[in-house]
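Chains as they are written, first to last, in this note's numbering: chain A, 21 to 377; chain L, 16 to 312.
As structure tokens, the structure follows; a few thoughts come after it.
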Amino acid sequence: MSIAVRHITKTFGRFAALRDVSLEVAAGELVALLGPSGSGKTTLLRIISGLDQPDASPDSEIRFHEERVEGQAVGQRQVGFVFQHYALFRHMTVFENIAFGLRVRPRKERPSNQEISRRVRELLHLIQLENLESRYPGQLSGGQRQRVALARALAIEPRVLLLDEPFGALDAKVRQELRRWLRRLHDELHVTSILVTHDQEEALEVADRIVVMNEGRIEQEGTPEEVFHQPKTEFVINFLGNVNLFHGRVEQDGVRVGPLLLPNNHVAGVSGQVARAFIRPYDVEVHRDKSLAALPARVLRVQSAGPTVRLELLSNSGDSILAEMSHDKYRKLNVRKEEEVFVSVRDARTFMDDYVI
Amino acid sequence: MASLDTIYPAVPIKVKAATNQEPLWVRVILISISLTFIGLFLFLPLAAIMTEALRKGIGAYLESFQDEDALAAIKLTLIAAAISVPANLVFGAAAAWALAKFDFRGRNVLVTLIDLPFAVSPVIAGLVFVLLFGLQGWLGPWLSEHDIKIIFAVPGIVLCTIFVTFPFVARELIPLMQEQGNEEEMAALVLGASGWKTFWRVTVPNVKWALLYGVILCNARAMGEFGAVSVVSGHIRGKTNTMPLHVEVLYNEYNFVAAFAVASLLAMLALVTLALKSLVEWRMNRTDVETIPPGKE
Chain A
21 MSIAVRHITK TFGRFAALRD VSLEVAAGEL VALLGPSGSG KTTLLRIISG
71 LDQPDASPDS EIRFHEERVE GQAVGQRQVG FVFQHYALFR HMTVFENIAF
121 GLRVRPRKER PSNQEISRRV RELLHLIQLE NLESRYPGQL SGGQRQRVAL
171 ARALAIEPRV LLLDEPFGAL DAKVRQELRR WLRRLHDELH VTSILVTHDQ
221 EEALEVADRI VVMNEGRIEQ EGTPEEVFHQ PKTEFVINFL GNVNLFHGRV
271 EQDGVRVGPL LLPNNHVAGV SGQVARAFIR PYDVEVHRDK SLAALPARVL
321 RVQSAGPTVR LELLSNSGDS ILAEMSHDKY RKLNVRKEEE VFVSVRDART
371 FMDDYVI
Chain L
16 MASLDTIYPA VPIKVKAATN QEPLWVRVIL ISISLTFIGL FLFLPLAAIM
66 TEALRKGIGA YLESFQDEDA LAAIKLTLIA AAISVPANLV FGAAAAWALA
116 KFDFRGRNVL VTLIDLPFAV SPVIAGLVFV LLFGLQGWLG PWLSEHDIKI
166 IFAVPGIVLC TIFVTFPFVA RELIPLMQEQ GNEEEMAALV LGASGWKTFW
216 RVTVPNVKWA LLYGVILCNA RAMGEFGAVS VVSGHIRGKT NTMPLHVEVL
266 YNEYNFVAAF AVASLLAMLA LVTLALKSLV EWRMNRTDVE TIPPGKE
């Protein structure tokens, strides 16, 4: 079931949580709303679910597969909602939690007890907690609770599944396991899903498409590859992982930062204009041999515990630079703290203010 | 969560060890002081009530309850409690719900107002009702025109009792409901439950023990209230005397056996209340223990 959100604005007092946001989610897609806290991502999710209402506006609309749902109360929209802190019913067993959405249906639409039982058992099998059906939420681990919350949301056969920071309250390791599991589950069920997260790694790993939000607006939409490799704004490149920022000036064939000439990916730009260059740590090349087109720097810190080795450098002009390389390369380079090295740049994204005449 | 546990595991153990290290004589003195205190101020009066009530034998004791006025007093007390407890149950639940689940202007004022009956002397509370509804009071002339009697009648007693027992249920519920938040209710609504079903299936079961606890305390106070009721009742025997007032009347008439017999009923009510209260507290704690903090593996 596709979701279409058009021209949604939401203000809380004087704070604008969403500013004219429009978003399309194709049927069966898993989209991540990614952004820092206060970016409006959770507000957007709650508006789609019906838990919050957007500001009244003639052109705002929310559609589930072409059907307009703005007028529908939260319970009528048939959405599955998974809360960050699970929100399981603490006085009910796992079984009753999952059965709740079926049991509260009006008598005419309510399935029989056997049917409810069958459905709950199916879901328990799906979340691999068959043997815990008579436990109370308080007796489960965080990961188990969130799986129960997911099963409870799926029990009503939701038209769309909305997940609000579902792994935010879990330990790092459980979080990783659970998000891989969620991805596999989505591939199996193909229910249209929107996942809210502030964790870029989670969004990149799980989602088909990422919507990066900032200050109530959508900054960029695209596949994980697109937003990561072709960030359209400075906010996006900053938010998706570590990045070095250099200030330079536009020249004929690139952006000049000290001795470095960086490729200019901006078509516009007038010679002499100020530009900001963003460089991912893995695009920073560190050498020992002096060359004219390289920036001299000093090694401040080496952090080699992890899949890659990270060097913190300080350039002679006083900028701190983060470089990342493989362990293999680090061994060949063989540098220590306080040693002098030379830095060149493999790739950069450059941004400049629009030139106004 | 787990990391917190590993950082601070020793703290409670240390505290416990420290209390056990108090020298024996300190512990003996502390324990005997509290036991003496409890004996003098709680056990002795209870024993005195029972001895005085039974001074002339069990026959005289039972006979005290044959008296029509005594029966009327018991009946009136039960009526006052039967009206004020449900009224405050509904009010307390509504107020706690409003305070815990919504954020609105004047919220803090309402919190303070709920506590007002605790802060005001019951006698003053009674006087306020006399000022409002008495013959010379603000609404007095209108009431007497329409032949409605509130002061020196049952309605006044019920009003006073409601006022005095007003905070008990709300006070028990507010902190619990605030702690629980409203995520579970939201989850129920998203799953398609109506507001009514959400209230009965999610909200009420989550607070049922606190609710019961509040009701027990509310009931005990409603039956035992003296000051406020004394001001508005007018002490008409057989008509507007509640049990505590009737005890006073009998005592002033030197009818000690009857006075203490009625008093013993109130004392027994207190004991039953205590027992119920402990039972409910035990149940509440047990549901707490079952809960592992979220996020823990």
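For glycine and all other residues, C-beta sits at the position ideal for the given N, C-alpha and C.
Query raised in the report: Which one of A:Gln220, A:Thr113 and A:Arg321 has the shortest CA to CA distance from A:Gly261?
Result: For the purposes of this step, residue 261 of chain A is taken as residue 241 along the first sequence, with counting starting at 1. Answer by Cα proximity: A:Gln220.
Query - Boundaries of the alpha helix (DSSP H) in which A:Gln164 is found, first to last residue - result: On the first sequence, position 144 is the one that residue 164 of chain A refers to. Residues Gly162 to Ala175.
Query - Minimum Cβ-Cβ distance from A:Arg276 to chain L less than 8 Å - result: What you label residue 276 of chain A is simply residue 256 of the first sequence in a count that begins at 1. Output row for A:Arg276: interface = no.
**Report entry** Between the CA atoms of A:Lys30 and A:Gln73 - distance to the nearest angstrom
**Finding:** Counting from 1 along the first sequence, the entry for residue 73 of chain A is found at position 53. Counting from 1 along the first sequence, the entry for residue 30 of chain A is found at position 10. Computed Cα separation, rounded: 8 Å.
Query raised in the report: Is it right to say L:His261 is buried, meaning 16 or more other beta carbons lie within 10 angstroms of its own, or is it exposed?
Result: Within the second sequence, the letter at position 246 stands for residue 261 of chain L. So L:His261 ends up on the buried side.
Query raised in the report: How is L:Ala75 classed by DSSP in three states: helix, strand or coil?
Result: As a position in the second sequence, residue 75 of chain L is number 60, starting the count at 1. Reduced to three states, the DSSP call for L:Ala75 is helix.
Report task. Please confirm if L:Met201 has its CB atom under 8 Å from at least one CB of chain A. Result -> As a first step, residue 201 of chain L is located in the second sequence; it is residue number 186 there, counting from the start. Yes, L:Met201 counts as interfacial toward chain A.
Query raised in the report: For chain A, is any of its Cβ atoms less than 8 Å away from the one on L:Ala115?
Result: Within the second sequence, numbered from 1, the residue matching residue 115 of chain L stands at position 100. No, because no Cβ of chain A sits closer than 8 Å to the Cβ of L:Ala115.
Query raised in the report: If we cut at 8 Å on Cβ distances, does L:Pro156 have a partner in chain A?
Result: By 1-based counting over the second sequence, the position of residue 156 of chain L is 141. Cβ-Cβ to chain A under 8 Å: no for L:Pro156.
**Report entry** Coil, strand or helix - A:Ala36 by DSSP
**Finding:** Numbered from 1 along the first sequence, position 16 holds the residue referred to as residue 36 of chain A. Three-state DSSP puts A:Ala36 in a strand.
Requested in this report: Could you tell me if L:Trp153 is buried or exposed, where buried requires 16 or more neighbouring beta carbons within 10 angstroms of its beta carbon?
Outcome: For this step, residue 153 of chain L is matched to residue 138 along the second sequence. Answer is exposed; the Cβ neighbour count stays below 16.
**Report entry** The beta strand (DSSP E) enclosing A:Gly100, as first and last residue numbers
**Finding:** Taking the first sequence and counting its residues from 1, the one referred to as residue 100 of chain A is at position 80. Its beta strand (DSSP E) spans residues Val99 to Val102.
Requested in this report: Please classify A:Ser42: does DSSP put it in a helix, a strand, or coil?
Outcome: What you label residue 42 of chain A is simply residue 22 of the first sequence in a count that begins at 1. Looking at A:Ser42 - three-state DSSP - the assignment turns out to be strand.
Query raised in the report: How many Å lie between L:Ile189 and L:Val219 at the Cα?
Result: For the purposes of this step, residue 189 of chain L is identified with residue 174 of the second sequence, where counting begins at 1. For the purposes of this step, residue 219 of chain L is identified with residue 204 of the second sequence, where counting begins at 1. L:Ile189 and L:Val219: Cα-Cα distance of roughly 13 Å.
Query raised in the report: Can you tell me where the alpha helix (DSSP H) with L:Leu125 in it begins and where it stops?
Result: Here residue 125 of chain L refers to the residue found at position 110 when the second sequence is read from its first residue. Arg122 to Ala134 is the span of the alpha helix (DSSP H), which, as asked, contains L:Leu125.
Requested in this report: Pull up the distance between the alpha-carbon of A:Pro244 and that of A:Arg130, whole angstroms please.
Outcome: Translated into positions along the first sequence, residue 244 of chain A becomes position 224. Translated into positions along the first sequence, residue 130 of chain A becomes position 110. Cα-Cα distance, rounded: 41 Å.
Query - In chain order, each alpha helix (DSSP H) run of at least 4 residues that lies wholly inside the stretch 309-354 of chain A - result: 347-353
Query - Start-to-end residues for the alpha helix (DSSP H) that takes in L:Asn221 - result: For the purposes of this step, residue 221 of chain L is identified with residue 206 of the second sequence, where counting begins at 1. Note, L:Asn221: alpha helix (DSSP H), Val219 to Gly239.
**Report entry** Assigned secondary structure, A:His111 (DSSP; H/G/I helix, E/B strand, else coil)
**Finding:** Here the question's residue 111 of chain A lines up with position 91 in the first sequence. Coil.
Query raised in the report: Is there at least one Cβ from chain A nearer than 8 Å to L:Ala208's Cβ?
Result: Start at 1 with the first residue of the second sequence, and residue 208 of chain L comes out as number 193. Yes, because at least one Cβ of chain A sits closer than 8 Å to the Cβ of L:Ala208.
Query raised in the report: Between A:His85 and the rest of its own chain, which residues show a CB-CB distance below 6 Å, the 5 nearest in sequence each way excluded?
Result: In the first sequence, the residue the question calls residue 85 of chain A occupies position 65. For A:His85, where only same-chain residues beyond five positions count, the Cβ hits under 6 Å are Met21 and Ser22.
Query raised in the report: Using the rule of at least 16 other Cβ atoms within 10 Å of the residue's Cβ for burial, across every protein chain shown, is L:Gly210 buried or exposed?
Result: Here residue 210 of chain L refers to the residue found at position 195 of the second sequence. L:Gly210 is exposed by the Cβ-count criterion.
Query raised in the report: Since A:Ala169 contacts A:Ala52 with CB under 8 Å, what's their CB separation in whole angstroms?
Result: Translated into positions along the first sequence, residue 169 of chain A becomes position 149. Translated into positions along the first sequence, residue 52 of chain A becomes position 32. Incorrect: roughly 18 Å between the Cβ atoms, too far for contact.
Query - L:Ala243 vs L:Thr288 beta-carbon contact at 8 Å - result: By 1-based counting over the second sequence, the position of residue 243 of chain L is 228. By 1-based counting over the second sequence, the position of residue 288 of chain L is 273. Cβ atoms of L:Ala243 and L:Thr288: not closer than 8 Å.
Query raised in the report: Which of the residues in the stretch 63-92 of chain A, read from start to end, lie with their CB under 8 Å from any CB of chain L?
Result: Ser69, Gly70 and Leu71
Requested in this report: Would you kindly check if the distance between the Cβ of A:Thr212 and the Cβ of A:Tyr156 is under 8 Å?
Outcome: For the purposes of this step, residue 156 of chain A is identified with residue 136 of the first sequence, where counting begins at 1. For the purposes of this step, residue 212 of chain A is identified with residue 192 of the first sequence, where counting begins at 1. In this structure, A:Thr212 does not lie closer than 8 Å to A:Tyr156 by Cβ.
Requested in this report: Under 9 Å between beta-carbons, which chain L residues line up against A:Val124? List them in chain order, please.
Outcome: Translated into the one-based positions of the first sequence, residue 124 of chain A becomes position 104. Within 9 Å Cβ-Cβ: Ala203, Leu206, Gly207, Ala208, Ser209, Lys212, Thr213 and Arg216.
Query raised in the report: Apart from the five residues just before and just after A:Glu49, which ones in its own chain have a Cβ nearer than 7 Å to its Cβ?
Result: As a first step, residue 49 of chain A is located in the first sequence; it is residue number 29 there, counting from the start. Result list for A:Glu49: Thr212, Asp228 and Arg229, in chain order.
Query raised in the report: Whose C-beta lies closer than 6 Å to the C-beta of A:Arg330 among residues of the same chain, with five residues either side of it excluded?
Result: Your numbering for residue 330 of chain A matches position 310 in the first sequence. Excluding positions up to five away in sequence, the list reads Gln323 and Glu344.
Query raised in the report: So is A:Phe35 in contact with chain L if we call contact Cβ pairs under 8 Å?
Result: In the first sequence, residue 35 of chain A corresponds to position 15, counting from 1. No - not a single Cβ of chain L is within 8 Å of the one on A:Phe35.
Report task. Could you give the DSSP three-state label for A:Asp191: helix, strand or coil? Result -> Counting from one through the first sequence, the residue named residue 191 of chain A turns up at place 171. Looking at A:Asp191 - three-state DSSP - the assignment turns out to be coil, as it is neither helix nor strand.
Query raised in the report: Can you tell me whether L:Gly171 is buried or exposed, with buried defined as 16 or more other CB within 10 angstroms of its CB?
Result: Position 156 of the second sequence, counted from the start, is the residue given in the question as residue 171 of chain L. Its Cβ being crowded by 16 or more others within 10 Å, L:Gly171 is buried.
Query raised in the report: What is the rounded straight-line gap between the Cα of L:Val26 and the Cα of A:Thr370?
Result: Position 11 of the second sequence holds residue 26 of chain L. Position 350 of the first sequence holds residue 370 of chain A. In this prediction, L:Val26 scores a pLDDT of 42, lower than 50, which makes its location untrustworthy; the coordinate-derived value is nonetheless stated afterwards. Distance between the alpha carbons of L:Val26 and A:Thr370: 54 Å.
Query - L:Asn234: contacting residues in chain A (beta-carbon distance under 8 Å) - result: Position 219 of the second sequence, counting from 1, holds the residue named residue 234 of chain L. Within 8 Å Cβ-Cβ: nothing; L:Asn234 doesn't reach chain A, min ~24 Å.
Query raised in the report: Counting only beta-carbon atoms, is L:Glu315 nearer than 8 Å to chain A?
Result: The shown model of chain L, from 16 to 312, leaves out residue 315 of chain L, and the question about it has no answer.
Report task. Have a look at A:Lys193 and A:Arg199 and give me their C-alpha separation to the nearest angstrom. Result -> For the purposes of this step, residue 193 of chain A is identified with residue 173 of the first sequence, where counting begins at 1. For the purposes of this step, residue 199 of chain A is identified with residue 179 of the first sequence, where counting begins at 1. Using only the alpha carbons, I get a separation of about 10 Å.
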